Amino acid sequence: MASGKRRPEDAPPTGAILTHPPPDHSSVAQQFVEFYYKAFDSDRSHLANVYRDASILIFEQETVTGPQAIVEKLTGLPFQKVQHRVDTLDSQPSNAEGGILVMVTGALIVDDQPHPMNYTQVFNLLKSSGSYYVHNDIFRLIYPV
């Protein structure tokens, strides 16, 4: 810009200027993961409120959509007692509207079995009315090679 005048194409995109700092995605992710696994480990039926009608869960290659189907899948799993151990938690912003992509790795202790099972889980959290919900949820056990 040799003339010193600002051309329209040099202006930032509409809505791209933030007047308030965005929420810290890592804090939101940490709080969400703590809440989610505490609820999962104590009573999976309480997880319905973190999903919406368009939410999708892939659990070990089986896909279900919507809160009712997701909770039916989770409550129908073939174990009574489970404890999640989180080993890593990574997050990053996922869209301009404040979404957060969360990746977790860890281990599951199921029905007091002596050998934990390793897992990875990815959540795509989207904002709705000032709070977050799980839009996408992918869970996979990691089997030894």
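FYI, our numbering numbers position 104 of the sequence shown as 895, with every residue one higher than the one before it.
All residues carry an ideal CB built from backbone N, CA and C; glycine is no exception.
Note that the coordinates shown come from a computational prediction; the quantities given were computed from them, not determined experimentally.
Beta-bridge analysis with DSSP links Glu853 to Phe850.
Lys918 has Tyr923 as its beta-bridge partners, per DSSP. A straight-line Cα-Cα distance of about 15 Å links Gln859 and Asn927. In the structure shown, the three-state DSSP call for His906 is coil. Take Lys864, set aside five residues on each side of it, and the residues of its chain with a beta-carbon closer than 8 Å to its own are Leu848, Phe850, Glu853 and Val855, in chain order.
Listed in chain order, the non-local C-beta contacts of Ala820 below 7 Å within the same chain comprise Leu880, Ser882, Ile891 and Val893, local neighbours out to five positions each way being set aside.
C-alpha of His906 to C-alpha of Val913: approximately 23 Å in a straight line.
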